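Student:
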Amino acid sequence: MKPGLLKSRRSSAGDEEEGSGGSGGLPTATRKEWCWSLGILLKFVAALLILMAGVLIGLAASASLSCYYVEGSGKQGEARRGDGGGGEGGSRCRDDGCGAALSFQRFVQPHPPWGHSMKDEELFWRASMAPRVEEYPYQRVPKVAFLFLTRGPLPFAPLWERFFHGHEGLYSVYVHALPEYRLNVSSSSPFHGRQIPSGDVSWGSITLVDAEKRLLANALLDFSNERFVLASESCVPVFNFPTVYEYLVNSAQSYVESYNIDVPQCAGRYNPRMAPDVLEEQWRKGSEWFEMSRDLAADIVADRKYHAIFRKHCTPSCYPDEHYIPTYLHLRHGARNANRTVTWVDWSRGGPHPARFGKATVTPAFVQAIRNNGTRCAYNGKPTTVCYLFARKFAPSALGPLLNMSTTLLEF
Ligand SMILES: *[C@@H]1O[C@H](CO)[C@@H](O)[C@H](O)[C@H]1NC(C)=O
Ligand SMILES: *[C@@H]1O[C@H](CO)[C@@H](O)[C@H](O)[C@H]1NC(C)=O
Ligand SMILES: *[C@@H]1O[C@H](CO)[C@@H](O)[C@H](O)[C@H]1NC(C)=O
Ligand SMILES: *[C@@H]1O[C@H](CO)[C@@H](O)[C@H](O)[C@H]1NC(C)=O
């Protein structure tokens, strides 16, 4: 193509030259003039080639762009149809013809296994992004993200599997285990392929908060996740999925325990070096097992300032996992927090660890008392007896009795 083009350009330019030569009344061009005009010609041709290359690149780019748009709108339509039928989401976008082109569906609902190799800093930055357009350009069905923070095995996985069964499209599961641990579950399990890239965690240090932020951030990448529950390996659900889902998705508030009492284990852990960013009266404590809304989760993932303060000034016997999130939310979103937890635990025996319940204690009457023991709490400003949706700490031996009462008492 190049030589031909060169030739045709040369001849047409030559005709022009001859014509202008003719009008000037000089019949023959000297050799010097010929070389000079050839130089001009080559420059012209080079410029033309660059221009054409530019046009070609432009065409290629617009082709992949239109591919993106076509794919994006196509997936939207599918998502709309899919969600009506219970929405199994993302898996369809793997079969598209657009290869690596950015798809809308893949953007709002990244498909695991984790298509990212982001470092924490990159992940938190990416996850902290929130749309400014209030309406979603697709049929968004809010999901509850269950964030499991564990060292290794999940002894209650069979109970959770029953809990989740039949509610696909309304929940997502994320597991943060120690980096060397590989969760071994069947491919049909909701836990399958849900282990996120993790980091080392030493209990009681800021690394525990980092793991929580990592779970939140991974879950935030899926724009359908609206509520975020942190659960441990000893945590179990005490209501069925529809009850939990309705309770959380329709809640105006988040459930992060937050209080300040004048005892050494609470107010006594405040470090005056945190002032003036965190004042003594702003100091809060609460259980690390939180439940929160999307915007609060994004704000926590985005925070670097208070995280740095807690890393520096909250060291044993101050435990960041019990203070950082309650204090941060008190400072930034106090009014949005119910200040109570939806995860039941029994501290009544005293000491540094809560009571742990095994096979012998876990009877239907015991679980019924967690579901409703007559105590009332506020839900969206109205009193209710449903205060706890989850409970801890259960020993692996409690699995049998819990599975036994799952269809009757727990109704799942
Ligand atoms: C995973 O679990 C299955 C079934 O319990 C077992 O057969 C298999 O050996 C396990 N794999 C690993 C790597 O532990
Ligand atoms: C929770 O505490 C905040 C202060 O951090 C307060 O503004 C808010 O009203 C409390 N929420 C409830 C439900 O009492
Ligand atoms: C109900 O449970 C709450 C929280 O564990 C506890 O504070 C309260 O004393 C219990 N009430 C009864 C009547 O057992
Ligand atoms: C489950 O219930 C059955 C029948 O009530 C009982 O025989 C069995 O021992 C129970 N299993 C456990 C692990 O509690």
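In case it helps, the numbering used here puts the sequence shown at residues 8 to 419.
We treat Cβ as the ideally placed atom computed from N, Cα and C, and that holds for glycine.
Predicted model, so just to flag it, every value in this text is computed and none were measured.
Any heavy atom of ligand 6 within a distance shorter than 7 Å of the CB on Asn191?
Tutor: As presented, the structure is devoid of ligand 6, carrying ligand 1, ligand 2, ligand 3 and ligand 4 as its sole ligands.
Student: Relative to ligand 2, is the shortest distance from any of its heavy atoms to the C-beta of Asn344 smaller than 7 Å?
Tutor: Yes, ligand 2 has a heavy atom inside 7 Å of this Cβ.
Student: Report the option in Val349, Gly381, Pro162, Val369 whose CA atom is closest to the CA atom of Leu396.
Tutor: Nearest of Val349, Gly381, Pro162, Val369 to Leu396, Cα basis: Val349.
Student: Hey, is His123 close to ligand 2, as in C-beta under 7 Å from one of its heavy atoms?
Tutor: Checking the Cβ of His123 against ligand 2 gives no.
Student: Going by DSSP, what residues sit across from Ser179 in a beta bridge?
Tutor: Note: Ser179 sits in a beta bridge opposite Ala152.
Student: Which two residues bound the contiguous alpha helix (DSSP H) that contains Asn411?
Tutor: Its alpha helix (DSSP H) spans residues 406-411.
Student: On a CA-only basis, which of Glu240, Glu168, Asn344 is nearest Ser194? Give me that one, please.
Tutor: If we check each option's Cα against that of Ser194, Glu168 comes out closest.
Student: Specify whether the region 285-300 and the region 320-334 touch according to this definition: at least 3 beta carbon pairs, one from each stretch, less than 8 Å apart.
Tutor: With the cut-off at 8 Å, the region 285-300 and the region 320-334 touch.
Student: What are the residues that DSSP puts in a beta bridge with Val236?
Tutor: DSSP output for Val236 lists Phe153, Glu298 as bridge partner(s).
Student: Can you round the beta-carbon distance between Glu298 and Leu255 to whole angstroms, since I take them to be within the 8 Å contact cut?
Tutor: Indeed they touch by this definition, with Cβ atoms about 6 Å apart.
Student: Report the residue from Asp328, Leu303, Tyr252 whose alpha carbon sits nearest the alpha carbon of Ala137.
Tutor: Closest by alpha carbon: Leu303.
Student: Cutting at 8 Å between CB atoms, please list the residues of its own chain near Arg189, excluding the five before and the five after it.
Tutor: Here the set comprises Gln202.
Student: Identify whether Tyr143 lies in helix, strand or coil by the three-state DSSP scheme.
Tutor: Note: Tyr143 maps to coil in three-state DSSP.
Student: Could you tell me whether the Cβ atoms of Pro327 and Leu215 are closer together than 8 Å?
Tutor: In this structure, Leu215 lies closer than 8 Å to Pro327 by Cβ.
Student: Just checking Ser265 against ligand 2 - is the residue's beta carbon closer than 7 Å to any of the ligand's heavy atoms?
Tutor: Yes, ligand 2 has a heavy atom inside 7 Å of this Cβ.
Student: Over the uninterrupted beta strand (DSSP E) stretch that includes Pro390, give me the two end residues.
Tutor: First-last of the beta strand (DSSP E) with Pro390: 389-391.
Student: What number of angstroms, rounded off, separates the C-alpha of Phe198 from the C-alpha of Pro408?
Tutor: Rounded to whole angstroms, Phe198 to Pro408 spans 22 Å at the Cα level.
Student: Taking only the alpha-carbon atoms, compute the straight-line gap between Phe163 and Pro283 and give it to the nearest angstrom.
Tutor: Each residue's alpha carbon lies about 44 Å from the other.
Student: Can you round the beta-carbon distance between Leu154 and Leu227 to whole angstroms, since I take them to be within the 8 Å contact cut?
Tutor: With a Cβ gap of about 11 Å, Leu154 and Leu227 do not count as contacting.
Student: Give the secondary structure of Lys292 by DSSP, where H, G and I count as helix, E and B as strand, and everything else as coil.
Tutor: Here Lys292 sits in strand by DSSP.
Student: In terms of alpha-carbon separation, which member of Ala224, Asn411, Glu264 lies closest to Arg301?
Tutor: Closest option to Arg301, Cα to Cα, is Ala224.
Student: Here's the rule I'm using: 16 or more other beta-carbon atoms within 10 Å means buried, otherwise exposed. How should Lys150 be labelled?
Tutor: So Lys150 ends up on the buried side.
Student: I need the DSSP call for Asn344, collapsed to helix, strand or coil.
Tutor: If DSSP states are grouped into helix, strand and coil, Asn344 belongs with the strands.
Student: Would you mind reading off the limits of the alpha helix (DSSP H) that contains Tyr254?
Tutor: Unbroken alpha helix (DSSP H) run through Tyr254: 248-256.
Student: Sorted by chain position, which residues of the same chain lie with C-beta nearer than 7 Å to Asn278's C-beta, five sequence neighbours on each side aside?
Tutor: His320, Cys321, Cys325, listed in sequence order.
Student: Which residues bound the alpha helix (DSSP H) around Ala226?
Tutor: That run of the alpha helix (DSSP H) goes 213-227.
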